[in-house]
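Taking this note's numbering as reference, the numbering of the sequence shown is continuous, increasing by one, and the terminal residue is 602.
Where is the CB? At the ideal position from N, CA and C, for every residue including glycine.
Down below is the structure, laid out as structure tokens.
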Amino acid sequence: MKKAVLLLTVLMVVLLVAPAAFAQDGGAAAGGKGALAIAAGFGMAIAAFGGALGQGKVASSACEGIARNPGAAGAIRAAMILGLVFIETLALFTLAIIMLKA
Numbered sequence: 501m502k503k504a505v506l507l508l509t510v511l512m513v514v515l516l517v518a519p520a521a522f523a524q525d526g527g528a529a530a531g532g533k534g535a536l537a538i539a540a541g542f543g544m545a546i547a548a549f550g551g552a553l554g555q556g557k558v559a560s561s562a563c564e565g566i567a568r569n570p571g572a573a574g575a576i577r578a579a580m581i582l583g584l585v586f587i588e589t590l591a592l593f594t595l596a597i598i599m600l601k602a
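If you want it as structure tokens, here you go:
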């Protein structure tokens, strides 16, 4: 329980700091690029964490579905690969946006 509260607290701080870091001018504030880099790093970490959770859920559900109905393994595998592609694409889009903003 304490870990969840700590994680939510850190997440809230990052979510509050990130918009201010992205709103700074190119060189107007001292340390602006540093804050932007930290916010971008946290953003990518959150995207990777969410993607990993999604991929784990997709793989788990696909394995369970194949175990319950081995005859549908081909269709389940195709749907699983498509789902994994969509999840990974979201993480790559996050990386691209962070690189464009930084």
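{"Item": "Do Ile576 and Gly565 have their C-beta atoms closer together than 8 Å?", "Value": "yes"}
{"Item": "Taking 8 Å as the threshold, find out whether the stretch 548–556 comes into contact with the stretch 577–596 through three or more Cβ pairs.", "Value": "yes"}
{"Item": "Going straight from the alpha carbon of Gly543 to that of Ala572, what length do you get?", "Value": "38 Å"}
{"Item": "Could you give the DSSP three-state label for Met501: helix, strand or coil?", "Value": "coil"}
{"Item": "Pull up the distance between the alpha-carbon of Pro519 and that of Asn569, whole angstroms please.", "Value": "47 Å"}
{"Item": "Flag this pair as yes or no: are the beta carbons of Ala559 and Met580 separated by less than 8 Å?", "Value": "yes"}
{"Item": "Contact check, Val517 vs Ala539 under 8 Å by CB: the rounded distance?", "Value": "6 Å"}
{"Item": "Lys502 to Ala545, Cα distance in whole Å?", "Value": "21 Å"}
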